[in-house]
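Protein chains in written order, with our numbering: chain A, 1 to 159; chain B, 1001 to 1427.
Okay, so here's the structure we're looking at.
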């Protein structure tokens, strides 16, 4: 967590360093970097040798979310995907903008309900495969109400 | 080169948002109701086809709803706002200039974009549909007023497949379309102007287009004159690409049940002031005053009626929830009268200035301000991460007997961890 008192919006803080802050652009990552620099720069004394190397901390959002607008989170209920490492209660990161390929793990809508399955294109047609020996494959019948809602990009599992 | 302005409008936006996470509602008649489940504010196509109008009080149509199996949902603005933000930022990728006009409408400037606009607009539709699941229609024309109208045409006529480009049509083709559209459909022509225009013999959009601007200016104002110019293809209204910070922040709601008790009103006022303060901090502003108002239900004519408002100036502009609530409560005590059944309360923050423009005085208590700032930032962060209302003033109360009626509200699928959509791994 960054130090709360060092926000650029803090009036008190600005009194102390108004000239420096007025140079900043309202761009968040830039603010953060400048703020980090300010923290070191204001008190007198020997400057930290690391000051030149201040970088933005890693964010998991950046890693897991490729398309911010089309990515949604969903909760898993059930055990049928466990052999692909998806367990009951896990958190799925689902991207709607990615096309579903043969073998993609998808969130599909089957007869009005969300279901997570592996999608296969076979000579029989589209097949939804579970990853559990107790659950048989489902061949999507043409008369069935079926659509792909999104493609699962990541699964977040609590260890 | 001709101006090309697109208006992108989401179809049945609130209902469409609900359907993204409730695919079982696809193809069924669905309505979304306003706060307190009062009126219909969004209808699916199936409901429109039944002839059911907007803004009808829900209780008046319960029988009809039962007969046709209409599903009524309470409004879920957390969901709609998030979906809207996603739609708007997708659309921003299609043009260097965007004006977000409302929660479900956006203007885009396509002038100078050297592709066929109708095809480009189809790409927008496809992108929004695929990425967010929301159906949209696009109107393209040489002015904002015409773009609105083109959107109307795209929506009403299936043969346009959701996109209508007036710039690609000839004058006679357009006139034929305009002759069939009621003048009241024109952007900026209200119900009362429609009556006056009809009295002048102006019934269709074509009639209005052919009226001399001068005649309208004499009868109405420069606004109507401009509408005629815009209908004739001269863009008078530019795109406002910068959304100005709000000069007033209002938070008011009707109660679920009428109340005459001061403690109920106090709780409501604290809750609304807290919400308003949160919005104020989001736009990094301070308020110089807070207005409080309360009123009885004007539709219950036999009840004694009372309404009153008071503006409480603040000694220093602030964004501190505690100070704003304190001022609001003082105000409430001044206007509250016993013996009335109150239906609504509200607060409005006024004299809003950017935090950076706060006048400094010799007597600023810097330490107290720093503490207040840190506390508010922490409060906002916790409420953002753990769910809104996780930490709030006790003054809001815990039972909220007065709170809004929302009988059938869906989950906040995109803004609350505890309310994510569930995906079955069972078959």
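Positions of the beta carbon are idealized from the N, C-alpha and C atoms, including for glycine.
Start and end residues, beta strand (DSSP E) containing residue 1174 (chain B): Indexing the second chain from 1 puts residue 1174 (chain B) at position 174. Premise fails: residue 1174 (chain B) lies in the alpha helix (DSSP H), 1171–1179, not in any beta strand (DSSP E).
Alpha-carbon spacing of residue 1151 (chain B) relative to residue 1006 (chain B), whole angstroms: Counting from 1 along the second chain, the entry for residue 1151 (chain B) is found at position 151. Counting from 1 along the second chain, the entry for residue 1006 (chain B) is found at position 6. Each residue's alpha carbon lies about 8 Å from the other.
Inter-residue CB distance, residue 1342 (chain B) and residue 1265 (chain B) (contact presumed, cutoff 8 Å): Locating residue 1342 (chain B) in the second chain gives position 342, where the first residue counts as 1. Locating residue 1265 (chain B) in the second chain gives position 265, where the first residue counts as 1. Right, the Cβ-Cβ distance comes to about 6 Å (below 8 Å), so this counts as a contact.
Min CB distance residue 1251 (chain B) to chain A below 8 Å: Counting from 1 along the second chain, the entry for residue 1251 (chain B) is found at position 251. By this cut-off, residue 1251 (chain B) is not an interface position.
Residues of the stretch 1389–1422 of chain B with Cβ closer than 9 Å to any Cβ of chain A, in chain order: Within the stretch 1389–1422 of chain B, 1413, 1414, 1417, 1420, 1421 and 1422 place their CB atoms closer than 9 Å to a CB of chain A, listed in sequence order.
DSSP state of residue 95 (chain A) mapped onto helix, strand, coil: The count along the first chain starts at 1 and reaches residue 95 (chain A) at position 95. In the structure shown, residue 95 (chain A) falls within a strand segment according to DSSP collapsed to helix, strand and coil.
Runs of beta strand (DSSP E) lying entirely within the stretch 68–143 of chain A, each at least 3 residues, in chain order: 71–77, 91–95, 105–110, 113–122 and 125–129
Contact belief for residue 1335 (chain B) with residue 1305 (chain B) at Cβ below 8 Å, rounded distance in angstroms: For the purposes of this step, residue 1335 (chain B) is taken as the residue at position 335 of the second chain. For the purposes of this step, residue 1305 (chain B) is taken as the residue at position 305 of the second chain. Actually they are not in contact, since the Cβ atoms of residue 1335 (chain B) and residue 1305 (chain B) sit about 14 Å apart, beyond 8 Å.
7 Å CB neighbourhood of residue 1258 (chain B) in its chain, flanking five on each side removed: The residue you call residue 1258 (chain B) lines up with position 258 of the second chain. The residues are 1297, 1341, 1342 and 1343.
Cutoff 6 Å; reference residue 1076 (chain B); Cβ partners in own chain excluding five residues on either side: Looking up residue 1076 (chain B) in the second chain gives position 76. Same-chain partners within the cutoff: 1409 and 1410.
Pair within 8 Å by beta-carbon distance, residue 93 (chain A) and residue 71 (chain A): Residue mapping note: residue 93 (chain A) aligns to position 93 of the first chain, counting from 1. Residue mapping note: residue 71 (chain A) aligns to position 71 of the first chain, counting from 1. For residue 93 (chain A) and residue 71 (chain A), yes; Cβs fall inside 8 Å.
Within-8 Å CB hit, residue 122 (chain A) to chain B: Sequence index remark: in the first chain, residue 122 (chain A) carries index 122 (1-based). Judged by the 8 Å Cβ criterion, residue 122 (chain A) is not in contact with chain B.
CB contact check: residue 64 (chain A) to chain B, cutoff 8 Å: Position 64 of the first chain holds residue 64 (chain A). Cβ-Cβ to chain B under 8 Å: no for residue 64 (chain A).
Touch test, the stretch 1067–1082 of chain B against the stretch 1188–1208 of chain B, Cβ-Cβ under 8 Å, three pairs minimum: no
Distance between residue 1396 (chain B) and residue 1249 (chain B) (C-alpha atoms, nearest Å): For the purposes of this step, residue 1249 (chain B) is identified with residue 249 of the second chain, where counting begins at 1. For the purposes of this step, residue 1396 (chain B) is identified with residue 396 of the second chain, where counting begins at 1. Near 19 Å, if we compare the C-alpha coordinates of residue 1396 (chain B) and residue 1249 (chain B).
Closest by C-alpha distance to residue 1348 (chain B), when choosing among B:1294, B:1110 and B:1044: Taking the second chain and counting its residues from 1, the one referred to as residue 1348 (chain B) is at position 348. Nearest C-alpha to residue 1348 (chain B): B:1294.
Neighbourhood of residue 22 (chain A) by C-beta distance below 7 Å, restricted to the same chain and skipping five residues each side: As a first step, residue 22 (chain A) must be located in the first chain, where it is residue number 22. Below a pLDDT of 50, predicted positions are generally treated as unreliable, and residue 22 (chain A), at 33, falls in that range; the measurement from the model is reported next regardless. Closer than 7 Å at Cβ, skipping near neighbours: no residue.
Segments assigned beta strand (DSSP E), at least 3 residues, entirely inside the stretch 1091–1154 of chain B: 1098–1102, 1105–1109 and 1136–1141
The beta strand (DSSP E) enclosing residue 1314 (chain B), as first and last residue numbers: The count along the second chain starts at 1 and reaches residue 1314 (chain B) at position 314. Residues 1307–1318.
Candidates B:1230, B:1163, B:1214 and B:1166: closest to residue 1189 (chain B) by CA position: Translated into the one-based positions of the second chain, residue 1189 (chain B) becomes position 189. Checking every option, the nearest Cα to that of residue 1189 (chain B) belongs to B:1230.
C-beta atoms of residue 1047 (chain B) and residue 1070 (chain B) nearer than 8 Å: Stepping through the second chain from its first residue, residue 1047 (chain B) is reached at position 47. Stepping through the second chain from its first residue, residue 1070 (chain B) is reached at position 70. Yes, Cβ-Cβ distance for residue 1047 (chain B) and residue 1070 (chain B) is below 8 Å.
8 Å Cβ cutoff, residue 148 (chain A) in contact with chain B: For the purposes of this step, residue 148 (chain A) is taken as residue 148 along the first chain, with counting starting at 1. It does not; no Cβ of chain B falls within 8 Å.
Alpha helix (DSSP H) runs contained entirely in the stretch 1312–1366 of chain B, provided each spans 4 or more residues: 1321–1335
Test: residue 59 (chain A) CB closer than 8 Å to a CB of chain B: Here the question's residue 59 (chain A) lines up with position 59 in the first chain. No, residue 59 (chain A) lies away from the interface with chain B (no Cβ there is under 8 Å from its Cβ).
Residue span of the alpha helix (DSSP H) that contains residue 1168 (chain B), given as start and end: The residue given as residue 1168 (chain B) occupies position 168 in the second chain. First-last for residue 1168 (chain B): undefined, no H or E at that position.
At least three beta-carbon pairs within less than 8 Å, the stretch 1384–1398 of chain B to the stretch 1315–1331 of chain B: yes
Candidates B:1373, B:1282 and B:1418: closest to residue 1386 (chain B) by CA position: Position 386 of the second chain, counting from 1, holds the residue named residue 1386 (chain B). Comparing Cα-Cα distances from residue 1386 (chain B) to each of B:1373, B:1282 and B:1418, the minimum goes to B:1418.
C-beta neighbour in chain B for residue 92 (chain A), strict 8 Å: On the first chain, position 92 is the one that residue 92 (chain A) refers to. Yes, residue 92 (chain A) counts as interfacial toward chain B.
Range of the contiguous beta strand (DSSP E) that encloses residue 148 (chain A): Reading the first chain from its first residue, position 148 is the one you call residue 148 (chain A). Note, residue 148 (chain A): beta strand (DSSP E), 146–156.
Whole-angstrom C-beta distance between residue 1321 (chain B) and residue 1277 (chain B), which should lie under 8 Å: Against the second chain, residue 1277 (chain B) aligns to sequence position 277. Against the second chain, residue 1321 (chain B) aligns to sequence position 321. Between residue 1321 (chain B) and residue 1277 (chain B) the Cβ distance is about 4 Å, and since that is below 8 Å, they are a contact.
The stretch 1085–1099 of chain B in contact with the stretch 1125–1142 of chain B per 3-pair CB rule at 8 Å: yes
Outcome for residue 1414 (chain B) when other beta-carbon atoms lying within 10 angstroms are tallied against a minimum of 16: Locating residue 1414 (chain B) in the second chain gives position 414, where the first residue counts as 1. Counting Cβ neighbours within 10 Å, residue 1414 (chain B) comes out buried, since at least 16 surround it.
Below-8 Å beta-carbon distance, residue 1138 (chain B) vs any chain A residue: Here residue 1138 (chain B) corresponds to residue number 138 of the second chain, with the count starting at 1. Not one chain A Cβ lies under 8 Å of residue 1138 (chain B).
CB contact check: residue 72 (chain A) to chain B, cutoff 8 Å: As a working note, residue 72 (chain A) is residue 72 in the first chain. Chain B, which has a Cβ nearer than 8 Å to the Cβ of residue 72 (chain A), makes this yes.
Distance between residue 1038 (chain B) and residue 1261 (chain B) (C-alpha atoms, nearest Å): Residue 1261 (chain B) sits at position 261 when you count from the first residue of the second chain. Residue 1038 (chain B) sits at position 38 when you count from the first residue of the second chain. Each residue's Cα considered, the two are about 23 Å apart.
Beta-carbon separation (whole angstroms), residue 1095 (chain B) vs residue 1109 (chain B), contact threshold 8 Å: To locate residue 1095 (chain B), count along the second chain from 1; it is residue 95. To locate residue 1109 (chain B), count along the second chain from 1; it is residue 109. Rounded, the Cβ-Cβ distance is 5 Å, consistent with contact.
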